[in-house]
Amino acid sequence: MSLGNVKRGDTPHKFNVIIEIPANAGTIKYEVDKDTQCLTVDRFMKTALQYPANYGYIPETLCGDGDPLDVLVLTPEPLVPGCVIEARPVGVLRMSDEAGEDAKLLALPTEKACPMFANIQDLADVPELVLAQIKHFFEHYKDLDEGKWVKLDGYGNKAEALAEVEDAIRIYHEKN
1 MSLGNVKRGD TPHKFNVIIE IPANAGTIKY EVDKDTQCLT VDRFMKTALQ
51 YPANYGYIPE TLCGDGDPLD VLVLTPEPLV PGCVIEARPV GVLRMSDEAG
101 EDAKLLALPT EKACPMFANI QDLADVPELV LAQIKHFFEH YKDLDEGKWV
151 KLDGYGNKAE ALAEVEDAIR IYHEKN
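Residue 1 is where the sequence shown starts when you use my numbering, and the numbers rise one by one after that.
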């Protein structure tokens with residue numbers, strides 16, 4: 001099955017996330033090619049940092065940078081690139097870069113998939129160290145890339161994350 005056939009899911013409270021980069025992987029940045037829907041190597045990051053959570057996107061969404069809504073999925077184990085996981089939002093990291101607004105949703109697997117995180121329902125429930133690690137990564141992962149920059153605008157709670165999902169769905173429908 002092509003990753004292009006994966007549907008958004010039961011949004012905004014539950015949605016499918018296509019994982020591109022596993023948590024704690026090296027500096028390799030995978031990306032699903034928009035034309036072929038194949039997982040490809042986009043580049044090797046120049047900084048010696050690794051993604052602090054599984055990184056992917058919600059299909060059938062669109063954001064200010066022209067890409068689908070990015071999602072960081074916190075799990076007890078790294079996920080395989082190209083897999084699909086049903087997730088639920090708990091917060092959002094507001095940021096922008098040289099391509100435009102680029103919010104990152106913070107999500108967890110559904111309780112059915114991973115009951116160990118059932119007690120985490122909103123951003124305030126996420127451990128401070130985890131939030132600090134995510135913030136640190138995104139503040140610095142483009143530091144050695146000429147002409148690239150990142151500006152963080154802080155975290156938002158679950159209600160703001162839900163609004164971000166709804167906005168990305170609306171933009172997707174306007175453009176398609």
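Heads up, the beta-carbon is just placed ideally off N, CA and C, and yes, glycines get one too.
Computed from a predicted model, the values in this text were never measured in an experiment.
Starting from the C-beta of residue i, find all residues in its chain whose C-beta is less than 8 Å away, skip the five residues before and the five after it, and write them out in chain order.
i: G66; result: A99 and G100
i: G147; result: E98
i: Y119; result: It is Asn, not Tyr, that sits at residue 119 in the sequence shown. Cβ neighbours of N119 beyond the five flanking positions: D125.
i: A168; result: I58, T61, L62, C63, P68 and L69
i: Q121; result: V90 and K158
i: F138; result: L93, M95, K104, V150 and L152
Please list the terminal residues of the continuous beta strand (DSSP E) segment that includes residue i.
i: K175; result: No beta strand (DSSP E) contains K175, which is instead part of the alpha helix (DSSP H) from K158 to K175.
i: E31; result: I28 to V32
i: I134; result: Run containing I134: none in the beta strand (DSSP E); it sits in the alpha helix (DSSP H), E128 to H140.
i: L72; result: L69 to V73
i: P89; result: V84 to D97
i: Y55; result: N54 to I58
i: L49; result: Here L49 belongs to no beta strand (DSSP E), and DSSP marks it neither H nor E.
i: N117; result: The residue you asked about is not Asn; residue 117 is Phe in the sequence shown. Segment: none, F117 is in no beta strand (DSSP E) and carries neither H nor E.
i: A107; result: K104 to P109
i: T40; result: L39 to F44
i: V17; result: F15 to I21
Under 6 Å Cβ to Cβ from residue i, same chain only, skipping five residues before and after it: list those, please.
i: A161; result: P89, G91, V92 and L105
i: K151; result: S96
Can you check which of these residues, the options, is closest to residue i by C-alpha distance?
i: D125; options: K158, P109, A163 and S96; result: K158
i: L129; options: S2, P52 and K34; result: P52
i: T40; options: G64, P59, L49 and G82; result: G82
i: G4; options: E31, D10 and K14; result: E31
i: E20; options: E60, K29 and P127; result: K29
i: G56; options: H140, E164, I85 and H173; result: I85
i: T11; options: P76, K112, H173 and E166; result: E166
i: K7; options: K34, E60, L123 and P115; result: E60
i: P184; options: G154, F138, A25 and A168; result: The question about residue 184 has no answer here: the residues shown for the chain are numbered 1 through 176.
i: Q133; options: G64, L49, R94 and R170; result: L49
So is residue i buried or exposed if we call it buried at 16+ other beta carbons inside 10 Å?
i: N54; result: buried
i: R43; result: exposed
i: T36; result: exposed
i: L144; result: exposed
i: E164; result: buried
i: P115; result: exposed
i: Q33; result: Note on residue identity: the sequence assigns Asp, not Gln, to residue 33. Flag for D33 reads exposed.
i: G156; result: buried
Whole-angstrom Cβ separation of residue i and residue j, contact assumed at under 8 Å?
i: V73; j: V17; result: 6 Å
i: L69; j: K175; result: At roughly 13 Å, the Cβ-Cβ gap does not stay under 8 Å, so L69 and K175 are not in contact.
i: A87; j: F15; result: 6 Å
i: P109; j: F117; result: 7 Å
i: T75; j: H140; result: The pair is not a contact, with the Cβ atoms about 23 Å apart (cut-off 8 Å).
Here's a check: name, in chain order, each residue in its chain whose Cβ is nearer than 7 Å to the Cβ of residue i, leaving out the five neighbours to either side.
i: M45; result: T27, K29 and Y141
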